[in-house]
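Contents: one structure, followed by commentary.
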Amino acid sequence: MGTPDLRPRALAMPKVPCIDVSHLSEDKVRLLTISLNRLAEKKTWDLAELKFELEELEIMEFDLTLTGFTMPEIDIIFGDEAEDKDKEDAVPEAPEVPVTIEGDLWLLGTHRVLCGSALAAADYERLMSGDLAAAALTDPPYNVVIAGNVSGLGKTKHGEFKMASGEMTREQFEEFLTVYQVHCRRYLLAGAVAFGFMDWRSIDLLTNAARKAGLKHINTATWNKGSGGMGSLYRSAHEFVGVFCNGDVPRVNNVELGKHGRDRTNVWTYPGANKPGTSGAKALKDHPTPKNLEMCADALRDVTRRGEIVIDPFLGSGTTLIAAEQTARVCYGLELEPKFVDVIVRRWEKLTGNQAVHAESGETFQHTGEERLASEE
Numbered sequence: 025m026g027t028p029d030l031r032p033r034a035l036a037m038p039k040v041p042c043i044d045v046s047h048l049s050e051d052k053v054r055l056l057t058i059s060l061n062r063l064a065e066k067k068t069w070d071l072a073e074l075k076f077e078l079e080e081l082e083i084m085e086f087d088l089t090l091t092g093f094t095m096p097e098i099d100i101i102f103g104d105e106a107e108d109k110d111k112e113d114a115v116p117e118a119p120e121v122p123v124t125i126e127g128d129l130w131l132l133g134t135h136r137v138l139c140g141s142a143l144a145a146a147d148y149e150r151l152m153s154g155d156l157a158a159a160a161l162t163d164p165p166y167n168v169v170i171a172g173n174v175s176g177l178g179k180t181k182h183g184e185f186k187m188a189s190g191e192m193t194r195e196q197f198e199e200f201l202t203v204y205q206v207h208c209r210r211y212l213l214a215g216a217v218a219f220g221f222m223d224w225r226s227i228d229l230l231t232n233a234a235r236k237a238g239l240k241h242i243n244t245a246t247w248n249k250g251s252g253g254m255g256s257l258y259r260s261a262h263e264f265v266g267v268f269c270n271g272d273v274p275r276v277n278n279v280e281l282g283k284h285g286r287d288r289t290n291v292w293t294y295p296g297a298n299k300p301g302t303s304g305a306k307a308l309k310d311h312p313t314p315k316n317l318e319m320c321a322d323a324l325r326d327v328t329r330r331g332e333i334v335i336d337p338f339l340g341s342g343t344t345l346i347a348a349e350q351t352a353r354v355c356y357g358l359e360l361e362p363k364f365v366d367v368i369v370r371r372w373e374k375l376t377g378n379q380a381v382h383a384e385s386g387e388t389f390q391h392t393g394e395e396r397l398a399s400e401e
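Its first residue numbered 25, the sequence shown is counted upward by one per residue in the working numbering.
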């Protein structure tokens with residue numbers, strides 16, 4: 025992995041001090057090898073071999089930061105997985121008759137998806153099962169009528185959301201945003217960062233609601249989509265992202281003013297869903313407000329460590345879950361509409377080649393669908 029120290033041989037030293045490590049397991053020897061190379065500040069890493077060794081250690085659930093590398097450096101060694109796999113990520117069409125029914129809890133590897141409400145305390149309790157999240161990343165409905173505002177004038181037509189699709193007053197919508205954030209905060213670690221997308225009409229309500237829920241407003245990011253979408257006088261080319269903290273200071277800061285090679289600002293420039301070929305464009309066919317996959321992956325890298333949980337109470341087409349999958353994080357998500365739960369499950373299954381399993385029956389998603397279809401005939 026690193027270049028061996030040949031100085032003792034060059035000096036013809038008859039004896040060399042050493043430490044017997046024969047008592048260590050093979051995995052601990054791997055960990056020690058990487059750590060010693062790191063501490064010696066060797067500059068001749070074989071990155072392919074290093075990545076392989078780290079992958080093996082991660083499988084054994086070792087803390088990779090014990091190698092001497094920081095979490096941002098480890099993410100860089102593993103590569104820009106979300107960007108590389110964006111081409112592989114395919115968003116399936118939403119089914120007319122979904123397999124999922126309200127209350128279904130699906131296990132997608134380490135991820136969990138519950139068909140339930142972001143406003144129901146019992147659904148959070150069931151989803152989290154005693155675990156706490158290191159971050160929240162979600163895209164709540166904007167209380168805007170979808171037709172004529174989000175889609176509707178273009179080729180793609182979408183139905184309205186079940187909640188907050190233009191039927192609420194500003195006061196009602198602020199209460200809606202407060203309730204979900206109160207529930208969400210109960211399952212966040214101290215110092216966890218919570219991201220919430222919102223448009224210009226209601227970013228003030230999201231921020232007010234977060235404060236009411238006990239979260240601290242630490243920044244507001246702007247997603248620069250690069251091109252305009254719907255609009256009247258001005259076509260909207262951005263969305264806001266409220267950045268809140270469950271406490272005074274974020275528990276994880278993987279940016280640190282670019283110290284680890286992550287040059288990040290509060291302007292996030294990623295293509296919007298109206299850019300052909302992007303992850304958002306693929307998802308737009310079935311969901312009216314998809315988010316850029318690489319953008320969500322970067323947000324997770326900023327404030328979480330590999331293996332940590334991120335919660336998304338409005339999972340939609342599943343972009344947060346796919347971003348978590350591709351950055352070795354874990355997503356626990358709620359989605360109210362059964363058809364979108366099906367989209368999430370099939371999207372993950374197609375990307376990973378694995379099968380989702382029903383938490384109660386233990387049956388696969390495919391087998392559950394076949395059984396439910398047969399029972400209706």
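Glycine residues also receive a C-beta, built at the ideal position from the N, C-alpha and C atoms.
The beta carbon of HIS262 sits closer than 7 Å to the beta carbons of THR246, TRP247, ASN248 and LYS249 from its chain, once the five residues preceding and following it are set aside; these are given in chain order. Within a 10 Å sphere around the beta-carbon of GLY238 sit fewer than 16 other beta-carbons, which makes this residue exposed. Following the DSSP letters along the chain, one finds LYS75 inside the alpha helix (DSSP H) bounded by residues 71-83. A direct Cα-to-Cα measurement between ARG136 and ALA323 gives close to 20 Å. In this structure, ASP326 sits away from LEU161, with a CB-CB distance that is not shorter than 7 Å.
In this structure, the CA atom of LEU138 is about 16 Å from the CA atom of ILE346.
With contacts defined as CB atoms closer than 7 Å, THR244 and PHE268 fail to qualify as a contacting pair.
When rounded, the separation of the alpha-carbon atoms in ASN278 and THR202 is 28 Å.
For GLY296, the closest of GLY285, CYS320 and ARG275 by C-alpha to C-alpha distance is CYS320. Ranked by how close their Cα comes to the Cα of PHE338, the residues TYR166, LEU81 and GLY133 have TYR166 in first place. Sorting ARG235, GLY266, ASN290 and ALA218 by C-alpha distance to the C-alpha of PRO274 places ALA218 at the top. The secondary-structure analysis by DSSP pairs ALA245 across a beta bridge with VAL265. Counting other Cβ atoms within 10 Å of its Cβ, GLN350 reaches 16 or more and is therefore classed as buried. Where TRP292 is concerned, the enclosing beta strand (DSSP E) starts and stops at 291-293. Assignment of HIS47 by DSSP, reduced to helix, strand and coil, places it in the coil class.
For CYS320, the enclosing alpha helix (DSSP H) stretches over residues 317-327. For ARG371, the enclosing alpha helix (DSSP H) begins and ends at 362-376.
Under the three-state reduction of DSSP output, VAL203 falls in the helix class. In this structure, the CA atom of GLU361 is about 28 Å from the CA atom of THR328. Rounded to whole angstroms, the Cβ separation of TYR356 and MET152 is 6 Å, and the two are in contact under 8 Å. Between ASP163 and LYS315, the CB-CB gap stays under 7 Å. Contact annotation, PHE364 with VAL123: C-beta distance approximately 12 Å; criterion of less than 8 Å not satisfied.
Annotated as proximal: TYR211 and ALA157, with beta-carbon spacing under 7 Å. Around the beta carbon of MET187, 16 or more other beta carbons lie within 10 angstroms, which makes this residue buried. Taking all protein chains in view, the Cβ of PRO116 is crowded by 16 or more other Cβ atoms within 10 Å, so the residue is classified as buried.
Sorting LYS75, TRP292, TYR148 and ALA159 by C-alpha distance to the C-alpha of VAL276 places ALA159 at the top. The DSSP-derived three-state label of ILE101 is helix. CA-CA distance, ARG396 to ALA118, rounds to 17 Å.
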